[in-house]
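Number of protein chains: 2
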Amino acid sequence: MIIACGIEYDGTDYHGFQRQPSSHGPTIQGTLEEAIERISSAFSVVHGAGRTDSGVHASGQVIHFHTESRLTPEVWKRALNAVLPNTVAVRWASEVPERFHARFSAQSRSYRYTVWNDSAPSALRGRYSYHYPRPLHIGLMQAACQYLMGRKDFGAFGHSPDDTNPTRPGPHHCVRTMLEARCTQQDNTALIYCDFTADAFLTGMVRRMVGTLLLVGQQRLSVAEFANIVQRAEKTHPGSAAPSHGLCLVRVDYPEKFALPSSQMSAD
Amino acid sequence: MIIACGIEYDGTDYHGFQRQPSSHGPTIQGTLEEAIERISSAFSVVHGAGRTDSGVHASGQVIHFHTESRLTPEVWKRALNAVLPNTVAVRWASEVPERFHARFSAQSRSYRYTVWNDSAPSALRGRYSYHYPRPLHIGLMQAACQYLMGRKDFGAFGHSPDDTNPTRPGPHHCVRTMLEARCTQQDNTALIYCDFTADAFLTGMVRRMVGTLLLVGQQRLSVAEFANIVQRAEKTHPGSAAPSHGLCLVRVDYPEKFALPSSQMSAD
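In structure tokens form, the structure reads like this:
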């Protein structure tokens with residue numbers, strides 16, 4: 001039996017999604033595997049749709065695991081939530097067919113990067129947003145986002161993870177398809193959302209895109225220069241990566257045939 | 001010179017607003033007084049509009065303090081934010097006349113209690129909301145709220161703090177005026193907001209009102225029984241206090257003559 005789950009986590013105290021030698025500290029994958037083992041008394045490998053970095057959050061991560069246990073998905077959900085720490089939650093659980101794979105079946109991932117753009121920090125937003133005190137020109141950031149759209153080499157913003165995906169081999173290892181890229185300000189608030197949807201992302205890609213877009217917003221980099229950086233696809237560009245605590249994996253989409261619950265949740 | 005400030009805090013790790021013997025752990029008042037002393041090299045007492053309990057948050061607390069320092073309010077804001085821990089933030093600072101008092105000049109306080117009403121917990125909402133997994137009838141909770149409105153004895157829901165306010169002496173020590181009381185569900189989400197505005201609140205009052213409203217929402221207490229509990233004004237009633245981490249002081253209102261910035265902030 002294969003169980004898929006929608007997972008939400010506060011990544012603050014985790015060393016990313018992927019299991020590490022335990023000396024590195026807890027990971028989301030390791031925490032989920034321990035919880036599953038406590039319930040079924042057998043070890044199951046957890047496969048995630050996105051390997052989020054250290055400190056990155058998720059409201060809509062999707063995972064799957066194989067189990068010999070005969071628990072229903074609803075019982076799995078309740079049992080996992082009963083044993084998981086309160087920084088990791090199972091939003092839904094569903095039985096899926098043998099051919100489903102959380103990572104390889106995914107059609108797209110959506111990330112939201114949240115900037116708190118005010119001269120004063122926010123004590124209640126600070127855990128899930130990046131405090132950026134200087135004024136930002138959102139219109140220019142939005143204009144620059146147009147140059148991220150479509151299928152292209154995103155080598156300017158990251159490197160390919162150690163890719164074990166047999167369906168995506170070959171020389172175009174930094175080529176991805178961007179389906180959505182936009183920067184919007186929440187009405188009359190200091191909140192700026194940078195939303196990205198792509199078939200897949202390179203390691204560190206969203207944080208480097210945001211770091212570079214923030215230079216555009218400050219008018220330290222023109223939209224034309226941004227377009228040129230994207231087009232050159234070289235890693236030697238001026239934008240540093242924005243910090244991980246502003247980033248959240250908000251949604252993973254699968255073909256309709258799997259009939260999975262939507263994992264999107266308002267990140268407001 | 002008297003400086004008033006709008007203060008936001010994550011109350012998770014604080015033993016409430018009010019200064020305590022240091023063995024009890026850090027408080028918001030103590031943390032602010034230390035920060036002010038670091039900047040001005042002189043001790044100033046901090047007066048707050050609302051004495052929030054241990055674990056309660058604030059997005060719109062208001063404080064004032066006297067100082068001999070000649071720093072401008074804007075410099076005070078920046079300097080305080082530079083030395084405060086990231087769980088406490090100064091949203092604005094303003095010079096106010098001698099007759100201003102954060103507590104005694106306040107016309108009303110507004111609190112929001114947030115319930116996460118879903119069978120599964122939320123890892124990202126958990127810090128600022130109370131996970132209540134059983135179904136709730138919001139319409140009944142809203143109907144019960146009508147019986148909280150107006151000027152009455154709220155002795156069913158709390159006791160009067162050790163009141164040093166010379167303007168409110170006498171036998172009616174649990175009489176308060178409720179200006180707003182409502183329970184609403186955010187569209188298509190598991191979030192329920194219980195919003196209350198009153199001239200002043202008794203100690204523990206909002207958490208006990210919410211605890212009793214949750215019994216109405218579960219239909220374990222009828223709206224008529226709720227009305228009766230309010231009317232009797234006796235502490236022997238079935239509702240326990242809802243936990244502190246769902247509560248946030250969102251706004252304090254003052255007469256227009258003080259021209260203070262609005263401290264309200266979307267708590268979504």
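Protein sequence lines, in the order shown, are assigned to chains A and B. Counting along the first sequence from 1, when you hit position 207 you're at 207 in my numbering, and nothing is skipped either side. Counting along the second sequence from 1, when you hit position 4 you're at 4 in my numbering, and nothing is skipped either side. Where is the CB? At the ideal position from N, CA and C, for every residue including glycine. Remember, predicted model here, so these are calculated numbers, not experimental data.
- The three-state secondary structure of B/H24, taken from DSSP, is helix.
- The bridge partners DSSP lists for A/F201 come to none.
- When CB distances to chain A are screened at a threshold of 7 Å, the residues of the region 5-36 of chain B falling below it are E8, Y9, D10, in chain order.
- Under the DSSP assignment, B/F65 falls in the beta strand (DSSP E) whose first and last residues are 57-66.
- In the DSSP assignment, B/V223 falls within the unbroken alpha helix (DSSP H) covering 223-232.
- By a beta-carbon distance limit of 8 Å, B/I3 contacts B/P73. Their separation comes to about 6 Å.
- Within the region 103-118 of chain B, the residues whose Cβ lies closer than 9 Å to any Cβ of chain A are, in chain order, D118.
- Counting the other CB atoms within 10 Å of its CB gives A/D53 a total of 16 or more, which places it among the buried residues.
- Between A/T184 and chain B, the shortest Cβ-Cβ separation is not below 8 Å.
- Taking 8 Å as the Cβ-Cβ cut-off, the region 83-94 of chain B approaches chain A at N86, T87, V88, A89, V90, R91, W92, given in chain order.
- Judged by DSSP in its simplified three-state form, A/H137 adopts coil rather than helix or strand.
- One thing to note: A/T197 has its Cβ no nearer than 8 Å to the Cβ of A/G158.
- Assigned with DSSP and collapsed to three states, A/Y14 falls in coil, not helix or strand.
- Relative to A/L124, the option among B/S262, B/L249, B/H24 whose CA is nearest is B/L249.
- For the region 119-148 of chain A, residues whose beta-carbon sits nearer than 9 Å to a beta-carbon of chain B comprise S119, A120, P121, S122, A123, L124, R125, G126, R127, Y128, H131.
- Counting only Cβ-Cβ distances below 9 Å, B/H57 has contacts in chain A at A123, L124, in chain order.
- Residue nearest to A/G11 within the set A/N117, A/A58, A/C5 is A/A58 (criterion: CA-CA distance).
- Listed along chain B, no residue sits closer than 8 Å to A/N228 by beta-carbon distance, the nearest being about 36 Å off.
- B/R38 carries a helical assignment under DSSP once its states are collapsed to helix, strand and coil.
- For A/K235, there are no neighbours in chain B by C-beta distance under 7 Å, as the nearest C-beta there is about 31 Å away.
- Assignment of A/S129 by DSSP, reduced to helix, strand and coil, places it in the coil class.
- Using a Cβ distance threshold of 8 Å, A/I28 and A/Y9 count as a contacting pair.
- By the neighbour-count criterion, in which a residue is buried when 16 or more other Cβ atoms sit within 10 angstroms of its Cβ, A/D187 is exposed.
- Annotation: B/K152 has no Cβ neighbours in chain A at a cutoff of 8 Å; minimum Cβ distance is about 32 Å.
- Of the residues A/F43, A/A144, A/R19, A/S22, the one whose Cα lies closest to the Cα of A/H66 is A/F43.
- Distances from the CA of A/Q219 to each of A/P135, A/I229, A/E33 were compared; the closest alpha carbon is that of A/P135.
- For B/K77, the C-beta contacts it makes with chain A under 7 Å involve A120, in order along the chain.
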